[in-house]
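**Student:** Would you mind keeping the following structure in view while I ask a few things?
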Amino acid sequence: MEAATASLPELASVPWRSREDAGSLRRRAQLWTFFTTVHVVPFLAAAAGLMWLNPLAAPVAFVAAMHAWIIPELYAFRGASVVRPKGGNEGGEKVAQGFLGDLLGHDARELQRATGLVVERGRLGVWLVGESGALLVTSHRRRVHCFCVRATDRELPPSDRIAHLLLALRSDEEGFATVANHAFAGASWRVRRRLDREMRPALARALQTSVRSLPQPSTSV
Amino acid sequence: MGRLIRMDRSGHSTLADWTATDEKAYDAAMEAFRRELDEGYIAVISEGEGHATQVTELPIEAELVIMRRPIAGG
Chain A
32 MEAATASLPE LASVPWRSRE DAGSLRRRAQ LWTFFTTVHV VPFLAAAAGL
82 MWLNPLAAPV AFVAAMHAWI IPELYAFRGA SVVRPKGGNE GGEKVAQGFL
132 GDLLGHDARE LQRATGLVVE RGRLGVWLVG ESGALLVTSH RRRVHCFCVR
182 ATDRELPPSD RIAHLLLALR SDEEGFATVA NHAFAGASWR VRRRLDREMR
232 PALARALQTS VRSLPQPSTS V
Chain B
48 MGRLIRMDRS GHSTLADWTA TDEKAYDAAM EAFRRELDEG YIAVISEGEG
98 HATQVTELPI EAELVIMRRP IAGG
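Keeping their order, the protein sequence lines are chains A and B.
For the first sequence, the numbering used here assigns the number 32 to the initial residue and increments by one for each residue that follows.
For the second sequence, the numbering used here assigns the number 48 to the initial residue and increments by one for each residue that follows.
Okay, here's the thing in structure tokens:
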């Protein structure tokens with residue numbers, strides 16, 4: 032009789048992290064909203080204040096407003112970057128692509144070939160899995176969480192790297208979110224703008240799926 | 048028939064095949080399975096969208112057992 036293990040063995044490498052769940056992700060999203068506001072509001076206030084004091088300060092006010100715009104954009108860019116293709120060993124890619132296709136249903140396979148991302152429904156939300164990271168679309172205010180995570184062998188073909196992450200995700204979703212480095216959480220439109228154009232249909236599909244078919248987020252015990 | 052494969056730089060490699068009635072083939076597969084575990088691979092049986100089971104023993108009735116490398120935060 033086989034011995035099955037429920038938790039990812041990789042959790043042993045991050046003993047200091049508490050296990051992620053729907054509640055902890057919600058708190059992360061709230062923190063990101065808070066810090067984004069804290070970064071943006073002072074610059075906007077400075078821009079408005081300068082214009083009120085002296086309209087000749089318009090160039091400086093413009094620079095302050097640009098800061099207010101660019102800081103959240105940089106965060107979103109960092110988040111979207113987790114799923115950008117990293118290239119690497121293309122030698123075994125054809126074989127790896129076939130194997131990854133075997134792990135997916137017809138629709139997910141077609142979408143992966145077109146966008147490079149695998150759509151996978153989970154209990155925490157709808158995942159988009161790339162070569163070296165994953166996005167999670169939650170039903171809670173349709174936030175997108177960006178996770179940086181990869182297979183430890185960097186010489187694997189790109190599709191094999193996706194398959195590694197997909198199998199780990201299917202084995203233990205919360206463990207997967209715990210092992211991965213959380214890079215960003217924010218509104219879906221913010222992440223969408225920073226995604227490569229060909230990846231955007233995958234995010235659109237994940238958003239549709241999250242609205243249609245997600246169960247209510249479970250609360251941890 | 049069961050198949051043990053390893054995801055590696057070639058895409059994937061088949062390490063062993065066995066049937067429930069062929070004890071010798073199963074033993075050979077078991078040996079290959081343990082060798083991979085010793086090298087740090089993790090064994091998974093995929094069960095479709097959203098489901099996979101990690102195993103530390105080779106199930107004789109499994110159709111496909113996949114050996115994968117550990118993952119880590121990037």
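Don't be surprised by glycine CBs; every beta carbon is placed ideally from N, CA and C.
Indicate whether Gly156 of chain A and Leu142 of chain A have their beta-carbon atoms separated by less than 9 angstroms.
**Tutor:** No; because the gap between Cβ atoms is not below 9 angstroms, this pair is not in contact.
**Student:** Give a yes or no on contact between the stretch 115 to 127 of chain A and the stretch 184 to 203 of chain A, applying the rule of three or more CB pairs nearer than 8 angstroms.
**Tutor:** The answer is yes - the stretch 184 to 203 of chain A touches the stretch 115 to 127 of chain A, with three or more Cβ pairs under 8 angstroms.
**Student:** Cβ of Ala127 of chain A less than 9 angstroms from any chain B Cβ?
**Tutor:** With 9 angstroms as the cut-off, Ala127 of chain A counts as an interface residue toward chain B.
**Student:** By alpha-carbon positions, which one of B:Ala63, B:Ile118, B:Met54 ends up nearest to Ala109 of chain B?
**Tutor:** Closest by alpha carbon: B:Ala63.
**Student:** Taking Leu198 of chain A as part of the alpha helix (DSSP H), name the residues at either end of that continuous run.
**Tutor:** First-last of the alpha helix (DSSP H) with Leu198 of chain A: 189 to 202.
**Student:** Nearest-angstrom Cα distance between Phe93 of chain A and Arg221 of chain A?
**Tutor:** Rounded to the nearest angstrom, the two C-alpha atoms are 22 angstroms apart.
**Student:** Which of the three DSSP states, helix, strand or coil, is assigned to Ser249 of chain A?
**Tutor:** With a pLDDT of 47 at Ser249 of chain A, under the threshold of 50, the modelled position of that residue is not reliable, and no figure is offered here.
**Student:** Quick check: what's the CA-CA separation for Ser251 of chain A versus Arg59 of chain A?
**Tutor:** Any reading at Ser251 of chain A must be qualified, since the residue scores a pLDDT of 42, below 50, and its modelled position is unreliable; the value itself is stated next. Cα-Cα distance, rounded: 15 angstroms.
**Student:** Rounded to the nearest angstrom, how far is the Cβ of Leu253 of chain A from that of Gly206 of chain A, given a contact under 8 angstroms?
**Tutor:** Lying before the first or after the last residue shown, residue 253 of chain A is absent from chain A, which here runs from 32 to 252.
**Student:** Classify Thr224 of chain A: buried if its beta carbon has 16 or more other beta carbons within 10 angstroms, exposed otherwise.
**Tutor:** One detail in the question is off: residue 224 of chain A reads as Arg in this sequence, not Thr. With fewer than 16 other Cβ atoms within 10 Å, it is exposed.
**Student:** Can you find at least 3 beta carbon pairs, one from the stretch 59 to 73 of chain A and one from the stretch 171 to 181 of chain A, that sit closer than 8 angstroms?
**Tutor:** Short answer: they touch.
**Student:** Thinking just about the alpha-carbon of each residue, which of B:Thr100, B:Val112, B:Gly120 is nearest to the one in Ala37 of chain A?
**Tutor:** Ala37 of chain A has its Cα closest to that of B:Thr100, out of B:Thr100, B:Val112, B:Gly120.
**Student:** Alpha carbon to alpha carbon, how far is Gly58 of chain B from Gly129 of chain A?
**Tutor:** C-alpha separation (whole angstroms): 9 angstroms.
**Student:** With a cut-off of 9 angstroms, does the C-beta of Glu70 of chain B fall near any C-beta of chain A?
**Tutor:** No, no contact with chain A.
**Student:** Quick check on the DSSP output: the alpha helix (DSSP H) that includes Arg174 of chain A runs from which residue to which?
**Tutor:** Note, Arg174 of chain A: premise wrong, no alpha helix (DSSP H); beta strand (DSSP E) at 174 to 182.
**Student:** At what residue ranges does the stretch 115 to 164 of chain A contain a whole run of the beta strand (DSSP E), taking only runs of 3 or more?
**Tutor:** Runs of the beta strand (DSSP E) inside the stretch 115 to 164 of chain A: 149 to 152, 157 to 160.
**Student:** What residues in its chain sit with their C-beta under 8 angstroms from that of Ala254 of chain A, if we drop five residues either side in the sequence?
**Tutor:** Since the first and last residues shown for chain A are 32 and 252, residue 254 of chain A lies out of range.
**Student:** Could you tell me whether the Cβ of Pro248 of chain A comes closer than 9 angstroms to any Cβ of chain B?
**Tutor:** Here the model assigns Pro248 of chain A a pLDDT of 47, short of 50, so the residue's position is not dependable, and the following value carries that caveat. No, because no Cβ of chain B sits closer than 9 angstroms to the Cβ of Pro248 of chain A.
**Student:** Out of curiosity, what's the CA-to-CA distance linking Glu51 of chain A and Arg201 of chain A?
**Tutor:** Rounded to the nearest angstrom, the two C-alpha atoms are 15 angstroms apart.
**Student:** Within 9 angstroms of any Cβ in chain A, is that where the Cβ of Ala99 of chain B sits?
**Tutor:** Yes, its Cβ sits closer than 9 angstroms to a Cβ of chain A.
**Student:** So, for Gln247 of chain A: in the same chain, excluding its five sequence neighbours on each side, which residues have a beta-carbon less than 7 angstroms away from its beta-carbon?
**Tutor:** Bear in mind that a pLDDT of 48 at Gln247 of chain A, under 50, signals an unreliable position, so the number given afterwards is only what the model happens to contain. Nothing listed; no residue qualifies.
**Student:** Tell me, please, which residues DSSP counts as bridged to Trp65 of chain B.
**Tutor:** B:Gly49, per the DSSP bridge assignment.
**Student:** Counting only beta-carbon atoms, is Thr183 of chain A nearer than 9 angstroms to chain B?
**Tutor:** It does: the Cβ of Thr183 of chain A has a partner Cβ on chain B nearer than 9 angstroms.
**Student:** From Gly136 of chain A to Asp85 of chain B, what distance separates their C-alpha atoms?
**Tutor:** One C-alpha to the other measures close to 32 angstroms.
**Student:** Please return the same chain residues whose Cβ sits closer than 7 angstroms to the Cβ of His213 of chain A, not counting the five positions on each side in sequence.
**Tutor:** Arg59, His176, Phe178.
**Student:** Keeping to the same chain, check which residues put their C-beta closer than 8 angstroms to that of Arg228 of chain A; ignore five residues upstream and five downstream.
**Tutor:** Cβ neighbours of Arg228 of chain A beyond the five flanking positions: none.
**Student:** Give the interface partners of Ala21 of chain A over in chain B, defined as CB-CB distance under 7 angstroms, in chain order.
**Tutor:** Any question about residue 21 of chain A goes unanswered here, given that chain A covers just 32 to 252.
**Student:** Quick check: the Cα distance between Val112 of chain B and Phe215 of chain A, rounded to an integer number of angstroms?
**Tutor:** If you take the alpha carbons of Val112 of chain B and Phe215 of chain A, they lie about 34 angstroms apart.
**Student:** Can you pull the chain B neighbours of His195 of chain A, defined as C-beta to C-beta under 8 angstroms?
**Tutor:** By Cβ distance, chain B contributes Met54, Arg115, Arg116, Ile118.
**Student:** Going by the beta-carbon positions, is the gap between Ala237 of chain A and Leu131 of chain A smaller than 9 angstroms?
**Tutor:** Not in contact: Ala237 of chain A and Leu131 of chain A (Cβ atoms no closer than 9 angstroms).
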